[in-house]
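The structure appears right after this line, and notes come after that.
2 protein chains.
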Amino acid sequence: MSETKKTTGRKRAAAPPPAPPEDARARLFRAATELFQNKGYAATTVREVVEAAGVTKPVLYYYFENKEGLYLALMRGVMEEFEALIEAHSARTGPARRRIESLCEEVLDLFKRHVPAVRIMYSIYYGPPQGAPFLDFDRLHLAFQNHLKRVLVEGREAGEFRFGRTEDAMWAVIGVLNVAQEVELCHPETALSLPDFRRILGLVLSAVAAPAGAPVNRRRSKGVKP
Amino acid sequence: MSETKKTTGRKRAAAPPPAPPEDARARLFRAATELFQNKGYAATTVREVVEAAGVTKPVLYYYFENKEGLYLALMRGVMEEFEALIEAHSARTGPARRRIESLCEEVLDLFKRHVPAVRIMYSIYYGPPQGAPFLDFDRLHLAFQNHLKRVLVEGREAGEFRFGRTEDAMWAVIGVLNVAQEVELCHPETALSLPDFRRILGLVLSAVAAPAGAPVNRRRSKGVKP
DNA sequence: TTGTGGATACTTACCGGTAGGTAGGTAAGG
DNA sequence: CCTTACCTACCTACCGGTAAGTATCCACAA
Chain L
4 MSETKKTTGR
14 KRAAAPPPAP
24 PEDARARLFR
34 AATELFQNKG
44 YAATTVREVV
54 EAAGVTKPVL
64 YYYFENKEGL
74 YLALMRGVME
84 EFEALIEAHS
94 ARTGPARRRI
104 ESLCEEVLDL
114 FKRHVPAVRI
124 MYSIYYGPPQ
134 GAPFLDFDRL
144 HLAFQNHLKR
154 VLVEGREAGE
164 FRFGRTEDAM
174 WAVIGVLNVA
184 QEVELCHPET
194 ALSLPDFRRI
204 LGLVLSAVAA
214 PAGAPVNRRR
224 SKGVKP
Chain V
4 MSETKKTTGR
14 KRAAAPPPAP
24 PEDARARLFR
34 AATELFQNKG
44 YAATTVREVV
54 EAAGVTKPVL
64 YYYFENKEGL
74 YLALMRGVME
84 EFEALIEAHS
94 ARTGPARRRI
104 ESLCEEVLDL
114 FKRHVPAVRI
124 MYSIYYGPPQ
134 GAPFLDFDRL
144 HLAFQNHLKR
154 VLVEGREAGE
164 FRFGRTEDAM
174 WAVIGVLNVA
184 QEVELCHPET
194 ALSLPDFRRI
204 LGLVLSAVAA
214 PAGAPVNRRR
224 SKGVKP
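Protein chains in written order, with our numbering: chain L, 4 to 229; chain V, 4 to 229.
Right, here's the structure in full:
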């Protein structure tokens, strides 16, 4: 099966490979990402992972605690990046609409850069944990919701938006983001382009936009940074 | 599904249970649904299923071909119901907005009545197949999209809606439905009520609604049933 | 210069457990 | 006496994980 010559020169006097292009740890990482996203956590065996990575089984246990540890290492990277994105956005200023647009676009971009990991996250967040160890995806999701709500409220206070319940507007926006993610996951060949996404988000935001020329309703504009 | 009382007549001289209220097949069905949704297909063992159903292993293989067959039987019921719903809606008439609202509400209702099965479907549709046999969820999803697009176009032709690209409007509507489903799956305790859902859908539909009192743009109104 | 000791990065060979699945039997009813 | 509806006992394959050994390099003392 594996074309990997088991005669890994590693021994033998003559130094065999000039330098492995990717070290074993990185190869394990890539192989596991690929397999977990294609087959799921439980359905992927460590044997498959190490074979795809071209290493032997104990190597996996040398670099990672075990199968769970490998999974956790995979997920944590993306989770931290997402958290940092929201954190960075919390400090931003400017028109609420622009902030929402750029937030969504950046989330979508992060998502596209980590499709395999996100597919695993999605399937575990919405579906059953496939024997995979617990990870608090919910915390991140909630942090995102809260940030979005804050920007929406600030936009309303600044007279930029007009809507009844903040949650309604929030869900409408999240719906657009979800759809873009869904298409990316299930039909990457017809994935929404950035202009597509902007148009659809614009459509929804137009439903909460204050009428053009509406009075800037900045009532005390509390908390809104200058 | 079929409540056909097999009346498991087999009772030893001293019948331990007075009478099983549910026959073995139905109990297996229920147990598998519960376990698959809680642990995932691959992470659920047939031993767990039969134990939860209170039967022995060969009973499962007596009623179903194997683990895969049990899974397929589970999914097919919901898929057929969904398909029938879209079929039934294709024949409906009336204002496009009402049709979209009732379609979404009925889909959401079907969804709520089959949360366990849908959770499995979701996690496999968006995520990796967990070693589960292939099922063409995509066909159903596409059928739904096409129906929705048709109603939207009819609504525009009738002067009820005004939007640029049909796909944009479709995705915006689907986004709302997705969000409602997402909340149902991940936070059933704060699931959107029907009024909540109607408000949010109304918000999005208001973005594609033709201005009040706009001329009814029925240009040849081709294909629109009277 | 050489010896050596430890860290690093693996290897082969194996373990106990459990997975899905089955062979073959049995009790009860028509 | 055959069919239906189950049971006990078991099989093989493969699972996650490990014990123990080995080649290579480098630091540092002799």
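Using N, Cα and C, we set each Cβ at its ideal position, and we do this for glycine too. Source: prediction; values computed, not measured.
Check	Outcome
Let me know if TYR125 (chain V) comes out buried or exposed under the rule of 16 or more other beta-carbons within 10 Å of its beta-carbon.	buried
Could you check which residue in L:TYR44, L:ALA27 and L:GLU86 has the C-alpha nearest to that of LEU145 (chain L)?	L:GLU86
Enumerate in chain order the residues of its own chain whose CB-to-CB distance from ARG95 (chain V) is below 7 Å, with the five nearest sequence positions on each side excluded.	ARG102
What is the C-beta distance between GLU71 (chain V) and PRO136 (chain V), in whole angstroms, given that I count them as a contact (C-beta under 8 Å)?	5 Å
Round the Cβ separation of VAL176 (chain V) and VAL207 (chain V) to the nearest angstrom and send it over; I've been treating them as touching at under 8 Å.	6 Å
Does the distance from the CB of LEU58 (chain L) to the CB of ALA120 (chain L) come in under 9 Å?	The sequence given here has Val at residue 58 (chain L), not Leu. No, the pair does not count as a contact, with Cβ atoms beyond the cut-off.
Applying the 10 Å Cβ sphere with the 16-neighbour rule, what's the burial state of HIS150 (chain L)?	buried
May I ask you to report which of helix, strand or coil DSSP gives PHE67 (chain V)?	coil
How is ALA212 (chain V) classed by DSSP in three states: helix, strand or coil?	strand
DSSP three-state label for PHE164 (chain V), please.	strand
Counting only the same chain and skipping the five closest in sequence on each side, list residues whose C-beta sits under 7 Å from that of THR47 (chain L).	LEU38 and PHE39
Indicate whether VAL211 (chain V) and ARG165 (chain V) have their beta-carbon atoms separated by less than 9 Å.	yes
Under 9 Å between beta-carbons, which chain L residues line up against GLY158 (chain V)? List them in chain order, please.	The premise fails here: GLY158 (chain V) is roughly 15 Å from chain L at the closest Cβ pair, so nothing lies under 9 Å.
Taking a cut of 8 Å between CB atoms, which residues from the region 202-214 of chain V lie near chain L?	ARG202, ILE203, LEU206, VAL207, SER209, ALA210 and VAL211
Taking C-beta pairs closer than 7 Å, name the residues in chain L that ASP171 (chain V) reaches, listed in chain order.	ARG202, ILE203 and LEU206
Strictly below 8 Å CB to CB, what residues from chain L border TYR128 (chain V)?	CYS189
Under a three-way DSSP split, which group does THR96 (chain V) fall into?	coil
Using the C-alpha atoms, what's the distance from LEU106 (chain L) back to LYS51 (chain V)?	Reading off the sequence shown, one finds Glu at residue 51 (chain V), where the question assumed Lys. Approximately 44 Å between the Cα atoms of the pair.
Since LEU38 (chain L) is in the alpha helix (DSSP H), which residue starts that stretch and which ends it?	27-42
On the criterion of 16 or more Cβ atoms from any shown chain inside 10 Å, does ALA91 (chain V) qualify as buried, or is it exposed?	exposed
Taking only the alpha-carbon atoms, compute the straight-line gap between GLU109 (chain V) and PHE140 (chain V) and give it to the nearest angstrom.	18 Å
Looking at the secondary structure, which residues open and close the alpha helix (DSSP H) in which GLU51 (chain L) lies?	49-56
On the three-state DSSP scale, how would you describe ARG102 (chain L)?	helix
Against chain L, does ASP26 (chain V) count as a neighbour if the rule is that its beta carbon must be under 9 Å from one of theirs?	no
Given this structure, state the Cα-to-Cα distance separating SER93 (chain L) from GLN148 (chain L), to the nearest angstrom.	12 Å
State yes or no: is the beta carbon of THR10 (chain V) nearer than 9 Å to at least one beta carbon in chain L?	With a pLDDT of 34 at THR10 (chain V), under the threshold of 50, the modelled position of that residue is not reliable, and no figure is offered here.
What residue range does the alpha helix (DSSP H) around PRO119 (chain V) cover?	118-129
With distance defined between alpha-carbon atoms, name the residue in L:PRO198, L:SER209 and L:ALA183 nearest to LEU113 (chain L).	L:ALA183
Would GLY178 (chain V) count as contacting chain L if we go by Cβ distances under 9 Å?	yes
Can you name, in chain order, every residue of its own chain whose Cβ lies under 8 Å from the Cβ of GLU170 (chain V), other than the five neighbours on each side?	LYS152
With a threshold of 16 other CB atoms inside 10 Å of the CB of LEU77 (chain V), please say whether the residue is buried or exposed.	buried
Which residues in chain L sit within 9 Å of ARG122 (chain V), going by Cβ to Cβ distance?	TYR129, GLY130 and PRO131
Name the chain V residues that come within less than 9 Å of ALA46 (chain L), Cβ to Cβ?	GLY43, TYR44, ALA45, ALA46, PRO131, PRO132, GLN133, GLY134 and ALA135
Between the region 74-94 of chain L and chain V, which residues of the former have CB atoms less than 9 Å from a CB of the latter, in chain order?	none
Can you grab the Cα-Cα spacing for the pair VAL154 (chain L) / GLY162 (chain L), in whole Å?	12 Å
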